[in-house]
Amino acid sequence: MSRVLIIYTGGTIGMVPTGGGYAPKNGYLEDVLNSTPELRADGMPDWELIEFDELLDSSNVSVKNWVQIARVIQRSYGAYDGFVVLHGTDTMAYTASALSFMLGGLGKPVILTGSQIPIGQLRSDARDNLISSIIIAGQGRCCEVCLYFGGRLLRGCRATKVSSDELAAFDSPNYPPLASADIDIRYNDKLIRPAFGPLKLAEFPENLPIAVLKVFPGIQFSLFEGIMTEQLSGLVLEAFGVGNLPQQDDQLLHAVRKAAANGTIIVVCTQCLRGSVRLGAYETSSALRHAGAVSGYDMTVEAAVAKLYYLFGLGLPAEEIRRLMENDLRGELTKFKTDN
Ligand code: ASP
Numbered sequence: 002m003s004r005v006l007i008i009y010t011g012g013t014i015g016m017v018p019t020g021g022g023y024a025p026k027n028g029y030l031e032d033v034l035n036s037t038p039e040l041r042a043d044g045m046p047d048w049e050l051i052e053f054d055e056l057l058d059s060s061n062v063s064v065k066n067w068v069q070i071a072r073v074i075q076r077s078y079g080a081y082d083g084f085v086v087l088h089g090t091d092t093m094a095y096t097a098s099a100l101s102f103m104l105g106g107l108g109k110p111v112i113l114t115g116s117q118i119p120i121g122q123l124r125s126d127a128r129d130n131l132i133s134s135i136i137i138a139g140q141g142r143c144c145e146v147c148l149y150f151g152g153r154l155l156r157g158c159r160a161t162k163v164s165s166d167e168l169a170a171f172d173s174p175n176y177p178p179l180a181s182a183d184i185d186i187r188y189n190d191k192l193i194r195p196a197f198g199p200l201k202l203a204e205f206p207e208n209l210p211i212a213v214l215k216v217f218p219g220i221q222f223s224l225f226e227g228i229m230t231e232q233l234s235g236l237v238l239e240a241f242g243v244g245n246l247p248q249q250d251d252q253l254l255h256a257v258r259k260a261a262a263n264g265t266i267i268v269v270c271t272q273c274l275r276g277s278v279r280l281g282a283y284e285t286s287s288a289l290r291h292a293g294a295v296s297g298y299d300m301t302v303e304a305a306v307a308k309l310y311y312l313f314g315l316g317l318p319a320e321e322i323r324r325l326m327e328n329d330l331r332g333e334l335t336k337f338k339t340d341n
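The numbering used here runs 1 ahead of the 1-based position in the sequence shown.
Structure below.
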């Protein structure tokens with residue numbers, strides 16, 4: 002029988018109502034799981050649960066918690082066939098992206114899941130999310146960091162939260178699901194990255210000075226000059242469409258040129274849910290490329306942020322970080338072929 006370790010970090014799944022709204026409570030989820038006979042039914046892997054001392058609403062998850070989760074997986078790697086990380090939905094896609102980069106050489110499934118309705122409430126989605134995730138983790142057919150939610154197994158570094166209130170809260174807009182859990186769990190084997198090893202944990206810097214800037218019509222770039230200094234290591238620019246920016250007075254281009262000269266890595270992602278950045282397709286984006294920005298292609302902002310942490314954590318020179326930002330490392334991006 003395969004063995005699965007459940008790492009409970011917090012999130013709605015194990016929350017209880019309090020005077021101030023839903024909040025996690027230590028010991029509660031474990032009690033509920035222990036009194037749920039299906040979780041020990043035939044066909045279920047053997048599982049154990051460990052719980053964070055401080056259970057978190059995922060809005061409070063930070064880099065140190067990503068490191069904490071990765072270290073638990075590293076420490077217990079030999080003793081289990083797969084891992085389930087129970088996590089709040091709000092920042093689950095960030096954590097899934099971060100773990101994808103942190104856990105190099107992964108050869109076992111790491112499945113993040115949670116729920117939109119707490120496990121103790123009527124109509125909770127926790128039961129299926131949890132049971133299917135444990136089964137998928139135990140099957141060992143997809144040795145990637147994944148996010149399971151609402152019947153679909155998504156690549157972690159491709160996932161994004163798309164709904165605050167639907168049970169199908171996540172999507173993977175630029176990459177098909179790796180598996181779907183209908184009557185049977187059906188894997189899309191062709192889409193799954195091969196397992197390789199040995200596991201090697203990458204450290205992330207806790208206080209990396211990076212930023213995400215979403216442009217909008219009428220944006221006054223001069224307001225942001227104060228943060229685009231040599232102290233800024235990386236900037237993810239959420240541009241329009243295929244990577245376009247407003248050209249008013251060349252203010253932004255000036256700031257981008259200055260930032261690039263200072264060594265800041267500027268990554269252009271799109272505000273669109275689907276599709277890729279194509280720097281150079283329009284005049285409004287060619288200039289960005291020439292000013293020193295790199296293309297995030299079809300990466301989610303979550304993946305771009307996690308990748309900056311990863312590459313800076315490796316201590317690489319700026320030129321190498323720029324190059325690797327545009328290359329696929331964990332299945333997080335597809336290069337747009339005719340990019341110029
Ligand atoms: N605020 C919660 C969290 O992210 C939401 C959830 O889990 O669904 O922890």
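Just so it is clear, CB atoms sit at the ideal spot from N, CA and C, and this is done for glycine as well. In this text, all values refer to a predicted model and were calculated from it rather than measured experimentally.
Are at least three pairs of beta-carbons, each pair with one atom in the region 263-283 and one in the region 129-141, less than 8 angstroms apart? no
Sub-8 angstroms separation of Ile266 and Val295 beta-carbons: Stepping through the sequence shown from its first residue, residue 266 is reached at position 265. Stepping through the sequence shown from its first residue, residue 295 is reached at position 294. The answer is yes: Cβ separation under 8 angstroms.
Own chain, CB closer than 7 angstroms to Arg258, minus 5 neighbours either side, in chain order: Working through the sequence shown from its first residue, we reach residue 258 at position 257. Here the set comprises Ala292 and Gly293.
Leaving out five residues on either side along the sequence, give the residues of the same chain with a beta carbon under 8 angstroms from the beta carbon of Ala170. Taking the sequence shown and counting its residues from 1, the one referred to as residue 170 is at position 169. Closer than 8 angstroms at Cβ, skipping near neighbours: Thr90, Gln117, Phe150, Gly151, Lys162, Val163 and Ser164.
Please work out which residues of its chain come closer than 7 angstroms, Cβ to Cβ, to Leu168, disregarding the five sequence neighbours upstream and downstream, and give them in chain order. For the purposes of this step, residue 168 is taken as the residue at position 167 of the sequence shown. Closer than 7 angstroms at Cβ, skipping near neighbours: Gln117, Asp126 and Gly151.
N-terminal and C-terminal residue of the alpha helix (DSSP H) that Thr285 is part of: Walking along the sequence shown from the start, residue 285 turns up at place 284. Run containing Thr285: Glu284 to His291, per the alpha helix (DSSP H) assignment.
Where are the beta strand (DSSP E) runs, 3 residues long or more, that stay fully inside the region 17-78, in chain order? 22-25 and 47-57
Beta-carbon within less than 8 angstroms of Leu40's beta-carbon, same chain only, minus the 5 sequence neighbours each way: which residues are those? Counting from one through the sequence shown, the residue named residue 40 turns up at place 39. In chain order, Leu34, Trp48, Leu131, Ile132 and Ile135 place their CB closer than 8 angstroms to the CB of Leu40, counting only its own chain and leaving out the 5 sequence neighbours on each side.
Which partner residues does Cys147 have in the DSSP bridge list? Within the sequence shown, residue 147 is the residue found at index 146, counting from 1. DSSP, once it has assigned bridges, lists Ile112 and Arg156 as partnering Cys147.
Rounded separation between Gly141 and Ser101 - CA only: Indexing the sequence shown from 1 puts residue 141 at position 140. Indexing the sequence shown from 1 puts residue 101 at position 100. The alpha-carbon of Gly141 is positioned some 16 angstroms away from that of Ser101.
Classification of Leu224 by the beta-carbon crowding that lies within 10 angstroms, buried from 16 upward: Residue 224 sits at position 223 when you count from the first residue of the sequence shown. Under this definition Leu224 is an exposed residue.
Is any heavy atom in ligand 1 found nearer than 7 angstroms to the beta carbon of Tyr91? By 1-based counting over the sequence shown, the position of residue 91 is 90. Before going further, note that residue 91 is Asp rather than Tyr in the sequence given. True, at least one ligand heavy atom lies under 7 angstroms from that Cβ.
First and last residue of the beta strand (DSSP E) that includes Glu239? Within the sequence shown, residue 239 is the residue found at index 238, counting from 1. Run containing Glu239: Gly235 to Ala240, per the beta strand (DSSP E) assignment.
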